[in-house]
Amino acid sequence: MSVVLTARTHALPFKLAVLATAALTVSVLALPGVAAAETRTFVVGYFGQATHNVQDSECPAGINPDVTVQYLKNLVTLGYSQAEIDKMVNQSADNEGGSVNEIMRMRGRVNGQPTNPYAYPASVTDPKLNAMTGGKYAYGFDLDGKGAESPKAFEDPETHQAGVDNEMARAFGCSRAFRGSVNARSAYWSWAWAQLKDSQPAWVITITGADLAKDGDVTVTFDRALHYLKSNIDGTPRADTTYRIDPDPRSHNVLPGRLKDGVIQITEHGSFRMLQNPMVVNDFKLTNTHMRLNLKPDGTLDGILGGYQLWADIYSGFAHSAPAMEVCITGDIPGLYYLLKRHADAQPDPKTGENSAISTSYTLMAVPAFVVSPDGKLAGGG
Amino acid sequence: MRPTPINFSKVRFALALGLGASLAACTVDAPKSAAVPAVLAGAANVGVPGLEPITRRLTPEQYENVIADVFGPAIILGGRFEPEMRVGGLLAVGSSAVSMTATGMEQYDVMARKIAAQVVDESQRKMMIPCAPAAANAPDDACVAKFMGKVGRLIYRRPLTQTELAAYVTAAHAATEKAGDFHRGLSLSLSAMLSSPKFLFRQETLEPDPRNPGTMRIDAYAKAARLSFFLWNAGPDQALLAAAESGALNTAKGLAGEVDRMLASPRLETGVRAFFTDNFGFDEFALLTKDVVLFPKFSPRVAADAQEQTLKTIVDLLLKNRGDYRDVFTTKKTFMTQELGAVYRVPVINDGPNGAPDAWQPFEFSADDPRGGILTQVAFTSLHSPPGRGSPTLRGKALREVILCQKVPAPPAAVSFNIVQDTHHPIYKTARERLTAHATESMCTGCHKIIDPMGLALENFDGAGAYRTTENGQPINTSGALDGVPFDGAAKLGQVIHDHPATSACLVNRLASYALGQQLPAGDAWLKDSTAFFATNGYRLADLMRRLATSDGFYRLKPPAEAPKAQSASAASAQ
Chain A
2 MSVVLTARTH
12 ALPFKLAVLA
22 TAALTVSVLA
32 LPGVAAAETR
42 TFVVGYFGQA
52 THNVQDSECP
62 AGINPDVTVQ
72 YLKNLVTLGY
82 SQAEIDKMVN
92 QSADNEGGSV
102 NEIMRMRGRV
112 NGQPTNPYAY
122 PASVTDPKLN
132 AMTGGKYAYG
142 FDLDGKGAES
152 PKAFEDPETH
162 QAGVDNEMAR
172 AFGCSRAFRG
182 SVNARSAYWS
192 WAWAQLKDSQ
202 PAWVITITGA
212 DLAKDGDVTV
222 TFDRALHYLK
232 SNIDGTPRAD
242 TTYRIDPDPR
252 SHNVLPGRLK
262 DGVIQITEHG
272 SFRMLQNPMV
282 VNDFKLTNTH
292 MRLNLKPDGT
302 LDGILGGYQL
312 WADIYSGFAH
322 SAPAMEVCIT
332 GDIPGLYYLL
342 KRHADAQPDP
352 KTGENSAIST
362 SYTLMAVPAF
372 VVSPDGKLAG
382 GG
Chain B
67 MRPTPINFSK
77 VRFALALGLG
87 ASLAACTVDA
97 PKSAAVPAVL
107 AGAANVGVPG
117 LEPITRRLTP
127 EQYENVIADV
137 FGPAIILGGR
147 FEPEMRVGGL
157 LAVGSSAVSM
167 TATGMEQYDV
177 MARKIAAQVV
187 DESQRKMMIP
197 CAPAAANAPD
207 DACVAKFMGK
217 VGRLIYRRPL
227 TQTELAAYVT
237 AAHAATEKAG
247 DFHRGLSLSL
257 SAMLSSPKFL
267 FRQETLEPDP
277 RNPGTMRIDA
287 YAKAARLSFF
297 LWNAGPDQAL
307 LAAAESGALN
317 TAKGLAGEVD
327 RMLASPRLET
337 GVRAFFTDNF
347 GFDEFALLTK
357 DVVLFPKFSP
367 RVAADAQEQT
377 LKTIVDLLLK
387 NRGDYRDVFT
397 TKKTFMTQEL
407 GAVYRVPVIN
417 DGPNGAPDAW
427 QPFEFSADDP
437 RGGILTQVAF
447 TSLHSPPGRG
457 SPTLRGKALR
467 EVILCQKVPA
477 PPAAVSFNIV
487 QDTHHPIYKT
497 ARERLTAHAT
507 ESMCTGCHKI
517 IDPMGLALEN
527 FDGAGAYRTT
537 ENGQPINTSG
547 ALDGVPFDGA
557 AKLGQVIHDH
567 PATSACLVNR
577 LASYALGQQL
587 PAGDAWLKDS
597 TAFFATNGYR
607 LADLMRRLAT
617 SDGFYRLKPP
627 AEAPKAQSAS
637 AASAQ
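Chains as they are written, first to last, in the working numbering: chain A, 2 to 383; chain B, 67 to 641.
What follows is the structure, given as structure tokens:
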């Protein structure tokens, strides 16, 4: 079935005379699944954990301390006396963290020997960081299908759906670096996106449907581009730029969905996979994928992506950037390991029975873009 | 062992005193001692009013081009140029009105030293200097003379006189003895040459005109320089200097031959770009700012690409395709980069590696696209807009002045622009409504009547050149009329300008003024003749340039008000 391209702002009557490696024309783009007549394409301009932390009462046990306090607790755990700690702290003050940092970077213990705590987080005694126990809201979806009866479930602050499973929000909700909201992004995810956007191929979204101004079936396709996201002079994502899709099938996701009142919900909840970046998650994978996307009047798109994610994958991003990131951004990284492990709520290991996946939700926003498929066909604009 | 420090400044000062021309008197030490002060010039050599002999300061681009021609493009200048001045809409005309400040001279001195140091640098000298000294720590006058004579011919745009060459050799000799280093001595002499007014200013030497006894003409070397800076925006090459030296340039056949050779050269593109860059005021992009909140896509890269887009459009149409000049206002063909594509909202794929420079790609808007012609390109619409909005007034004024050569008076001092600038005015939603309200002030009406309709036709383009159909939710009305000819929209305006008789006449006027460094008098017969030629020869730019460069009117001189006959005669007899 063919697709007729439309443009967001004005009709795009153009003829692209010569392109370096491909002669592109405005043409039909065949996509499976939907009797489609309209295509809109976007490039993801932000992607990070969907957080909704609005008040400290979400953490009745308190917000987790930053490293300057947590490290002192860790020294006590390691068996240092208060006098030794005081001495080290005084020396460290003259030496930019000096010996305290050095001890912390090898605070794991295996057979009594100092060990890298980031590569071997289980070698560290669990610092028992606080998780969010007082909050009611978190973005996401009812992944386990238990609805409001699920005792640990949240309510989505946007849709007010009950039974939302989002244990990653609970696990990290009392760590300052992860606290934030969709409009006031958390320190960690802001930092992460700033690293990612200029160092990894952009993600592009193609939405096809019979008429995207009306309710109906649609197909949402996620692909990875060959080029990084282009940014405006103020750092915001640059609209109306052209991206060529990477033919690598690992980052190709075709998701059937339904558009209703300007909101797309995917209707099949399989797996989702996009190659990302070792700085955050090398290989971003979800199972039981849920997604809702808002087609906004200004031509942009935003939404929530949720599902179960292997918590070890999430932890690996923290470990890769330690120890600098521990000091500057995340706080105690082995502590995050234990939080993830404790709050994992899916995919139990057949042998140990421990859950290997955790319910998550991510927020994304995207701006209109032109997208060229691997076979040279062009789809244009949001 | 450390080299002996030399007080170069004293030596250089002495050289400047000895070798620098007296600009105030406009006298030069020409090779054949035929020159006389320009003010003593004789009658015009054609049947139209003559032109003032002038001296022009090299523009930064001309300076760069000369240095690149003489020493190669890898030479780093490493200094700042004196600000330029726009007169009559052209920096080229302003170049004859500017002087040199002490600070500016310091900067030229800095550049001269840096250039000279690179030329004599151990890594470069074998390639740059045509001889090796007999000893590295002792003077070698013959080698200095060989080098300075060779480069001096290109830097001074004529052969050095024996006096000049001897002075440079003497300076290098003395400096070498003091420094104990031949190349340091040579560097000093070269930097003095590069600081000389004879390089930095284009002085046109006069000589008696044998075709019209008792009158003067610019000499063949000055003619060569006038040609090369006009056609290539660079100094004369060896072939052109040879034609000047042989006298061929003073013959119609020889002149035509050289002009044709230069027009056939790829360097013509440099000259054409320089003219349009000046004519369109693209130097003002250096000061152009846009509100990043309102126009986040408008980056420095977009600004640079926008200028290049317009220049590429012009070069492609006028030079590569020998097209009709008027079509630059209607052509649908242009070039795009990915950066520009985002502003135009058209797809432009860049398949280079991440971070690679944007590749230029040919692009053609469809026949019914609202864009067409350079007036609808980002360069024009963004340059003639304030930081936070578009401006029909500035755009209309630029159209009148730059494209049609019609002078628009400056606004009255006491006028209020409050309504015009209030883009969120609760009543006047569109620029047309705001200007209509503003123009009710009697002192504003006249000018706005002639400039606003043209500018309003471009209101579909916001302050950064992006297309829009509404402003504050209101549809934009782009209809109007230019000198009684109605239009609706930018594309139609382009067609009206294409057909307007002032358009081509203005181009001829601007091009001639640019080449000659002075505004030509109203009703100049040579201009009229050139304009008629342009019209009857398909409005082809290269043909017009040839016509100008080979005509007597291009080299004519104005007779002095009171020619001191005794001195003229004396000078003539010296020849």
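Each residue gets a CB set at the ideal place from its N, CA and C atoms; glycine is no exception.
> Checking contacts by CB at 7 Å: is isoleucine 234 of chain A closer than that to chain B?
Replying inline: Walking along the first sequence from the start, residue 234 of chain A turns up at place 233. It does: the Cβ of isoleucine 234 of chain A has a partner Cβ on chain B nearer than 7 Å.
>> Three or more C-beta pairs under 8 Å: does that hold for the stretch 233 to 247 of chain A against the stretch 361 to 378 of chain A?
In response: yes
>> According to DSSP, simplified to helix, strand and coil, what is leucine 586 of chain B?
In response: For the purposes of this step, residue 586 of chain B is identified with residue 520 of the second sequence, where counting begins at 1. The answer is coil: DSSP assigns leucine 586 of chain B none of H, G, I, E or B.
> Excluding sequence positions up to five away, which residues of its chain have a Cβ less than 6 Å from the Cβ of alanine 372 of chain B?
Replying inline: Here the question's residue 372 of chain B lines up with position 306 in the second sequence. The answer, listed in chain order, is Val444 and Ala445.
> Quick one, which of B:Leu260, B:Gly251 and B:Asn603 has its alpha-carbon nearest threonine 242 of chain B's?
Replying inline: Taking the first residue of the second sequence as position 1, residue 242 of chain B is located at position 176. The shortest Cα separation from threonine 242 of chain B among B:Leu260, B:Gly251 and B:Asn603 belongs to B:Gly251.
> Okay, do the stretch 371 to 389 of chain B and the stretch 451 to 463 of chain B touch, 3+ Cβ pairs below 8 Å being the bar?
Replying inline: no
> Any idea if histidine 564 of chain B is buried or exposed, counting beta-carbon neighbours within 10 angstroms, 16 or more meaning buried?
Replying inline: Counting from one through the second sequence, the residue named residue 564 of chain B turns up at place 498. With at least 16 other beta carbons inside 10 angstroms of its own, histidine 564 of chain B counts as buried.
> Comparing alpha-carbon positions, which option in B:Ser257, B:Asp285, B:Arg500 and B:Gly301 lies nearest glutamate 172 of chain B?
Replying inline: Sequence index remark: in the second sequence, residue 172 of chain B carries index 106 (1-based). Minimum Cα distance to glutamate 172 of chain B is reached at B:Ser257.
> So is valine 414 of chain B in contact with chain A if we call contact Cβ pairs under 7 Å?
Replying inline: Within the second sequence, numbered from 1, the residue matching residue 414 of chain B stands at position 348. Output row for valine 414 of chain B: interface = yes.
> Taking the C-alpha atoms as reference points, what is the distance between histidine 228 of chain A and proline 375 of chain A?
Replying inline: For the purposes of this step, residue 228 of chain A is taken as residue 227 along the first sequence, with counting starting at 1. For the purposes of this step, residue 375 of chain A is taken as residue 374 along the first sequence, with counting starting at 1. In a straight line, the C-alpha of histidine 228 of chain A is about 13 Å away from that of proline 375 of chain A.
> Could one say the Cβ of asparagine 538 of chain B lies closer than 7 Å to chain A's Cβ atoms, at least one of them?
Replying inline: Counted from its first residue, the second sequence places residue 538 of chain B at position 472. So, not an interface residue.
>> Spatial neighbours of tyrosine 338 of chain A within its chain, please: C-beta separation below 7 Å, excluding the five flanking residues on both sides.
In response: Within the first sequence, numbered from 1, the residue matching residue 338 of chain A stands at position 337. Correct list, in chain order: Pro122 and Tyr316.
> To the nearest whole angstrom, what separates the beta carbons of valine 414 of chain B and glutamine 404 of chain B, a pair I think is in contact under 8 Å?
Replying inline: Position 348 of the second sequence, counted from the first residue, corresponds to residue 414 of chain B. Position 338 of the second sequence, counted from the first residue, corresponds to residue 404 of chain B. So it is a contact: roughly 5 Å between Cβ atoms.
> From which residue to which residue does the beta strand (DSSP E) around proline 274 of chain B run?
Replying inline: For the purposes of this step, residue 274 of chain B is identified with residue 208 of the second sequence, where counting begins at 1. Start and end: 272 to 274.
> Under 7 Å between C-beta atoms, does arginine 411 of chain B make it to chain A?
Replying inline: Translated into the one-based positions of the second sequence, residue 411 of chain B becomes position 345. For arginine 411 of chain B, the answer is yes, since a Cβ of chain A falls inside 7 Å of its Cβ.
>> One question on the structure: do isoleucine 517 of chain B and valine 474 of chain B come within less than 7 Å of each other, judged by their Cβ atoms?
In response: As a first step, residue 517 of chain B is located in the second sequence; it is residue number 451 there, counting from the start. As a first step, residue 474 of chain B is located in the second sequence; it is residue number 408 there, counting from the start. The answer is yes: Cβ separation under 7 Å.
>> So, under 8 Å CB-CB, glycine 529 of chain B and lysine 356 of chain B are touching, yes? Tell me the CB distance rounded to an integer number of Å.
In response: Here the question's residue 529 of chain B lines up with position 463 in the second sequence. Here the question's residue 356 of chain B lines up with position 290 in the second sequence. Taking a contact as a CB-CB distance under 8 Å, the pair glycine 529 of chain B and lysine 356 of chain B counts as one, their CB atoms being some 7 Å apart.
> Within this structure, are the beta carbons of glycine 307 of chain A and leucine 294 of chain A separated by less than 7 Å?
Replying inline: Here residue 307 of chain A corresponds to residue number 306 of the first sequence, with the count starting at 1. Here residue 294 of chain A corresponds to residue number 293 of the first sequence, with the count starting at 1. No, the pair does not count as a contact, with Cβ atoms beyond the cut-off.
> For methionine 366 of chain A, does the three-state DSSP call read helix, strand or coil?
Replying inline: Taking the first residue of the first sequence as 1, we reach residue 366 of chain A at position 365. Strand, per DSSP.
> Are there 16 or more other CB atoms within 10 angstroms of the CB of serine 262 of chain B, so buried, or fewer, so exposed?
Replying inline: Residue 262 of chain B sits at position 196 when you count from the first residue of the second sequence. Looking at its Cβ environment, which holds 16 or more other Cβ atoms inside 10 Å, serine 262 of chain B is buried.
> My guess is that aspartate 299 of chain A and proline 362 of chain B are in contact by the Cβ rule of under 8 Å, so how many angstroms apart are they, rounded?
Replying inline: Reading the first sequence from its first residue, position 298 is the one you call residue 299 of chain A. Reading the second sequence from its first residue, position 296 is the one you call residue 362 of chain B. About 13 Å separates the two Cβ atoms, so there is no contact after all.
> When Cβ atoms are compared, which residues of the stretch 381 to 411 of chain B fall closer than 7 Å to chain A?
Replying inline: Gln404, Gly407, Ala408 and Arg411
>> Once DSSP output is grouped into helix, strand and coil, what is the label at histidine 249 of chain B?
In response: Counting from one through the second sequence, the residue named residue 249 of chain B turns up at place 183. In this structure, histidine 249 of chain B counts as helix in the three-state DSSP scheme.
> Mind pulling the chain D residues with CB within less than 9 Å of aspartate 350 of chain A?
Replying inline: Structure shown: chain D not included; protein chains present are A and B.
> Listed from N- to C-terminal order along the chain, which residues in the stretch 350 to 375 of chain A have their beta-carbon within a distance smaller than 7 Å of any beta-carbon of chain B?
Replying inline: Phe371 and Val373
>> Just to confirm the assignment, what range does the beta strand (DSSP E) spanning valine 219 of chain A have?
In response: Along the first sequence, one-based indexing puts residue 219 of chain A at 218. Residues 217 to 229.
> If you draw a straight line from the alpha carbon of serine 99 of chain B to that of valine 159 of chain B, how long is it in whole angstroms?
Replying inline: Residue mapping note: residue 99 of chain B aligns to position 33 of the second sequence, counting from 1. Residue mapping note: residue 159 of chain B aligns to position 93 of the second sequence, counting from 1. Annotation note: pLDDT 32 at serine 99 of chain B (below 50); position unreliable, no value reported.
> How would you call cysteine 209 of chain B, buried or exposed, if buried means at least 16 neighbouring beta carbons within 10 angstroms?
Replying inline: Indexing the second sequence from 1 puts residue 209 of chain B at position 143. Classification of cysteine 209 of chain B: buried, given that the 10 Å Cβ count is 16 or more.
> When we look at the beta-carbon of glycine 313 of chain B and count the other beta-carbons within 10 Å, is it buried (16 or more) or exposed?
Replying inline: Here residue 313 of chain B refers to the residue found at position 247 when the second sequence is read from its first residue. With fewer than 16 Cβ atoms within 10 Å of its Cβ, glycine 313 of chain B is classed as exposed.
>> Can you tell me whether alanine 358 of chain A is helix, strand or coil according to DSSP?
In response: Position 357 of the first sequence, counted from the start, is the residue given in the question as residue 358 of chain A. Of the three classes helix, strand and coil, the one that applies to alanine 358 of chain A here is strand, per DSSP.
> Going by other Cβ atoms of all chains shown within 10 Å of its Cβ, with 16 needed for buried, is serine 75 of chain B buried or exposed?
Replying inline: Numbered from 1 along the second sequence, position 9 holds the residue referred to as residue 75 of chain B. Caution is warranted here: a pLDDT of 45 is assigned to serine 75 of chain B, below 50, making its placement in the model unreliable, and no coordinate value can be reported.
> With respect to the beta strand (DSSP E) encompassing threonine 447 of chain B, which residues constitute its N-terminal and C-terminal limits?
Replying inline: Here residue 447 of chain B refers to the residue found at position 381 when the second sequence is read from its first residue. Element bounds for threonine 447 of chain B: not the beta strand (DSSP E) but the alpha helix (DSSP H), 444 to 449.
>> Output needed for alanine 183 of chain B: all residues of its chain with C-beta closer than 7 Å, excluding positions within five of it in sequence on either side, in chain order.
In response: On the second sequence, residue 183 of chain B is found 117 positions in, with the first residue counted as 1. Counting only residues of its own chain and dropping the five nearest sequence neighbours on each side, alanine 183 of chain B has a CB closer than 7 Å to the CB of Ser253.
>> What residue range does the alpha helix (DSSP H) around isoleucine 133 of chain B cover?
In response: By 1-based counting over the second sequence, the position of residue 133 of chain B is 67. For isoleucine 133 of chain B, the enclosing alpha helix (DSSP H) has its first and last residue at 126 to 137.
> Interface residues of chain B around lysine 231 of chain A at Cβ under 9 Å?
Replying inline: As a first step, residue 231 of chain A must be located in the first sequence, where it is residue number 230. Against chain B, a Cβ distance below 9 Å from lysine 231 of chain A picks out Gln404, Glu405 and Ala408.
>> Among B:Ala330, B:Gly560, B:Leu315 and B:Leu353, whose alpha-carbon lies nearest the alpha-carbon of alanine 369 of chain B?
In response: Position 303 of the second sequence holds residue 369 of chain B. The shortest Cα separation from alanine 369 of chain B among B:Ala330, B:Gly560, B:Leu315 and B:Leu353 belongs to B:Leu353.
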